[in-house]
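Per our numbering, residue 3 is the first one in the sequence shown, and the count goes up by one each step. Where is the CB? At the ideal position from N, CA and C, for every residue including glycine.
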Amino acid sequence: MSTEWDYMSTLCPPVYACVRRPCKDADARMQLNGKLDKAEWASAQWTDLFVDIEGPARKPNPPMATRVKMMWDDNYLYVGADMEESRVWGTYTEKNTVMYHENDFEIFIDPDGSRHNYYEFEMNCLNTIWELVLHRPYKDGHSIENPRNLSDIHSAVFIDGTANDPSVTCKKWSVEVAIPLAELVQAGDMWRMNFSRVHYDLHVENSQYVKVPNRREYNFVWAPTGVIDIHRPEKWAYVTFLGSTAVDPLAWQDICLAVEEERTLEEMLNKIYYDQRAFHDAHKCYASSVMELYEPSSTSPFHRAVVSFECAVDKQSYVVTSRRASGGKMYSMRHDAKYTVADVDA
Numbered sequence: 003m004s005t006e007w008d009y010m011s012t013l014c015p016p017v018y019a020c021v022r023r024p025c026k027d028a029d030a031r032m033q034l035n036g037k038l039d040k041a042e043w044a045s046a047q048w049t050d051l052f053v054d055i056e057g058p059a060r061k062p063n064p065p066m067a068t069r070v071k072m073m074w075d076d077n078y079l080y081v082g083a084d085m086e087e088s089r090v091w092g093t094y095t096e097k098n099t100v101m102y103h104e105n106d107f108e109i110f111i112d113p114d115g116s117r118h119n120y121y122e123f124e125m126n127c128l129n130t131i132w133e134l135v136l137h138r139p140y141k142d143g144h145s146i147e148n149p150r151n152l153s154d155i156h157s158a159v160f161i162d163g164t165a166n167d168p169s170v171t172c173k174k175w176s177v178e179v180a181i182p183l184a185e186l187v188q189a190g191d192m193w194r195m196n197f198s199r200v201h202y203d204l205h206v207e208n209s210q211y212v213k214v215p216n217r218r219e220y221n222f223v224w225a226p227t228g229v230i231d232i233h234r235p236e237k238w239a240y241v242t243f244l245g246s247t248a249v250d251p252l253a254w255q256d257i258c259l260a261v262e263e264e265r266t267l268e269e270m271l272n273k274i275y276y277d278q279r280a281f282h283d284a285h286k287c288y289a290s291s292v293m294e295l296y297e298p299s300s301t302s303p304f305h306r307a308v309v310s311f312e313c314a315v316d317k318q319s320y321v322v323t324s325r326r327a328s329g330g331k332m333y334s335m336r337h338d339a340k341y342t343v344a345d346v347d348a
């Protein structure tokens, strides 16, 4: 069975309430300057401080604080990130340069939660951006549309200090990003999202910052995946778009309970998916049934929840489906990690 999933399953993705932007003119885009002290940001909640991508059980907390807040209006999802940093560094100035070889901030959005066709946005302290779409995660035979630039995206950077100047001790850099929604989101919708901050140790040579050689990057994230791979959408946070500018505590409690109910079924399918990967590594094919995948003594929880287990004749692909006990929805997982939720009659 998958020892990788054994640890990943201990990490519970956060749930975030994305409030409406408080504004009189919903069609007017917020003016961006990278600063998060605008009155409009006041009602948006901060995320928890970022942690190492492997999770706090395996790696210590980052030495510098990173946090994000979000809000939305009729046209945009707004992301604001605040990043402590004494050495603000970045050299890339050409759009769609692969950004993560230097310090950067990254946004990942999976609107339908399918883990396929998700959007990635990266930017550095010079406000140089890179956008792409991943049709599948890297571990599932990735297919990339690179670049994939949104026509109406906007971003801005504020630096409390001076970039690329070793004589200056900076305090932080912060960013604002306005991501066009194109009417894709409605109040009550839920997306899977994550944020990442790639950070390198630096030293000074000839009055310039350079990376310390032979030292890999740090990956500080909102929702840890448990492995050094941000492309595990199954561990990204749940972001709910609220129809109000503030969070109603009772309504939010109901939302969190509903998320937890669905997450329980999703995690069961995640386990099957990862155990199938381990089975395929060992046998060069997938198991064709729950009974083949697990010892008989450990199959009882899966028998109660799994509705169907369909495997191709050559045993190189499969679809496993589950159903909520109360009815109403079917949950399916495919061999390439595509996850779907469909409404059905009770």
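Contact belief for Thr130 with Glu96 at Cβ below 8 Å, rounded distance in angstroms:
Confirmed, Cβ separation roughly 7 Å.
Less than 8 Å separating the beta-carbons of Ser246 and Val81?
For Ser246 and Val81, no; Cβs fall outside 8 Å.
Ala19 by DSSP, collapsed to three states: which one?
Strand.
Contact between the segment 33-50 and the segment 69-86: three or more CB pairs below 8 Å?
In short, these stretches touch, since the Cβ pair count reaches three.
Rounded to whole angstroms, what's the CA-CA distance from Val321 to Glu268? Just pull it up for me.
Looking at the two C-alpha atoms, the distance is approximately 14 Å.
Using the rule of at least 16 other Cβ atoms within 10 Å of the residue's Cβ for burial, across every protein chain shown, is Val53 buried or exposed?
By the neighbour-count rule (16 or more Cβ atoms within 10 Å), Val53 is buried.
With a CB to CB cut of under 8 Å and the five nearest residues on each side skipped, what residues in its chain are close to Val223?
The answer, listed in chain order, is Phe52, Val53, Asp54, Ile55, Asn196, Phe197, Ser198, Arg199, Ile232.
Could you tell me the distance, in whole angstroms, from the CA atom of Tyr275 to the CA atom of Thr171?
Just so you know, the alpha carbons of Tyr275 and Thr171 end up roughly 47 Å apart.
Flag this pair as touching only if the segment 104-116 and the segment 144-158 have three or more C-beta atom pairs under 8 Å; answer yes or no.
By the Cβ criterion, the segment 104-116 is not in contact with the segment 144-158, since fewer than three pairs of Cβ atoms, one from each stretch, lie closer than 8 Å.
Name the DSSP beta bridge partners of Thr323, please?
For Thr323, the pairing in a beta bridge is given by DSSP as Ser310, Ser334.
Looking at C-alpha atoms only, which residue of Met3, Met101, Ala19 is the closest neighbour of Trp254?
Cα-wise, what sits closest to Trp254 is Ala19.
Per DSSP, what kind of secondary structure is Asp76 in: helix, strand or coil?
Taken through DSSP and simplified to helix, strand or coil, Asp76 comes out as coil.
Report back the beta-carbon spacing between Gly92 and Asn77 to the nearest angstrom; my notes put them in contact at under 8 Å.
Actually they are not in contact, since the Cβ atoms of Gly92 and Asn77 sit about 29 Å apart, beyond 8 Å.
Would you kindly work out how many angstroms separate the C-alpha atoms of Asn35 and His156, rounded to a whole number?
Going by the C-alpha atoms only, they are around 10 Å apart.
Can His137 and Asn119 be called in contact, C-beta distance under 8 Å?
Yes, the Cβ-Cβ distance between His137 and Asn119 is below 8 Å.
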